[in-house]
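Numbering (the numbering used here), first residue to last: 636 to 1010.
Each residue gets a CB set at the ideal place from its N, CA and C atoms; glycine is no exception.
Next up, the structure:
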């Protein structure tokens, strides 16, 4: 019984933990295998915590809108853990005419999908957030966007899944998926062998190598991003912030510290050797951008910085899909840095795929076979 379950999930991040929880609610037995010694030590604990709908690919927007409307508002109560969810808006800031053109394009696409988001001028920006620089000449404003705490959200799904009987095994490095009579039902790690009725592969970029053991390739790359956190500051604002240039994003936490993420363009110089290195370049680069937008933070002290990888898909949206060529295998990867905000609904949808139910939302845009060559 220890190595057998109805569903084997590969990956102990927030996607894997949420999927395990929703499967367990359906009385499905679940095993979760995580390579790291800790649950959620990949992108799930290394992101900016954005729970946003604005700025997303229109194909991904229905997932984000469903999660914001139906799942995030009650998640703390449901999981018994404070996920620190704030639904107090997202300002995506612009300082140039070109920035406003970018934001207008994103806004037009989102409005066409039914999202309540609009462009606002500098005066309205200052009314919403008086701490922003006079350099900001406009922004997109989505009042139903927000943010949450990635650490406590992942922990909440993990604890709730454990309470329902899900078995988590850490330090289990998956080396292959095996098929028996054409069905994927066996997972081989460096130490053990696990069998299940279905296998859900949700381990970020590592999913590509694992999927290749059954002849499946997901076109994506590993992209390093960095983040930083300040010491606690007096309470300033609850909105999530982003920019048209994507030079930084972040928010103020319940604790008072600010969490910001961003990039310098030099991250690709780091060798992908399994580590998650920070550089002496990126944090100062992010901070220079922040000070131009929020001058009051110029003297804020940085407590620590960290880095993590995004599994960036070839077309910018994830794969959430059964694999026709490999019955029994379900993929959930390529989230391209957008996975945290949609994690609850993705977990719900994967639990439906894992039990052969009709999914709550249409997943045709996320099918694996969208990457097949057209002959």
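- The DSSP-derived three-state label of residue 803 is strand.
- The residues 855, 969 and 971, in chain order, have a CB closer than 6 Å to that of residue 948 in the same chain once the five nearest residues on each side in sequence are set aside.
- For residue 727, the enclosing beta strand (DSSP E) stretches over residues 725-729.
- In the structure shown, residue 703 adopts helical secondary structure according to DSSP, grouped into three states.
- When DSSP states are grouped into helix, strand and coil, residue 992 belongs to the coil group.
- Annotation: residue 748 is outside any alpha helix (DSSP H) and is labelled neither H nor E by DSSP.
- Around residue 886, the same chain offers 782 and 875 as residues with beta carbons nearer than 6 Å, after the five sequence neighbours per side are excluded.
- Note on geometry: alpha-carbon atoms of residue 966 and residue 873 lie some 35 Å from one another.
- If you look at residue 654, you'll find it in the alpha helix (DSSP H) that goes 649-660.
- Contact check for residue 645 against residue 655 fails: the beta carbons are separated by 8 Å or more.
- In the displayed model, residue 739 falls within a helix according to three-state DSSP.
- Residue environment analysis places residue 865 among the buried positions, since at least 16 neighbouring C-beta atoms fall within 10 angstroms of its C-beta.
- Under the three-state reduction of DSSP, residue 872 is assigned to coil, being neither helix nor strand.
- With a contact defined as Cβ atoms closer than 8 Å, residue 975 and residue 725 miss out at about 14 Å.
- Nearest to residue 843 by C-alpha distance, out of 810, 719, 775 and 820, is 810.
- In the same chain as residue 849, and ignoring 5 residues on each side of it, the C-beta atoms closer than 7 Å to its own belong to 812, 814, 819, 961 and 964, in chain order.
- In this structure, DSSP gives residue 884 an extended state, which the three-state scheme calls strand.
- In the three-state reduction of the DSSP assignment, residue 760 falls in the helix class.
- Contact between residue 945 and residue 858 holds, with the beta-carbon distance rounding to 5 Å and staying under 8 Å.
- Excluding its 5 nearest sequence neighbours in each direction, residue 742 has C-beta neighbours in its own chain below 7 Å: 752, 753, 754 and 775, listed in chain order.
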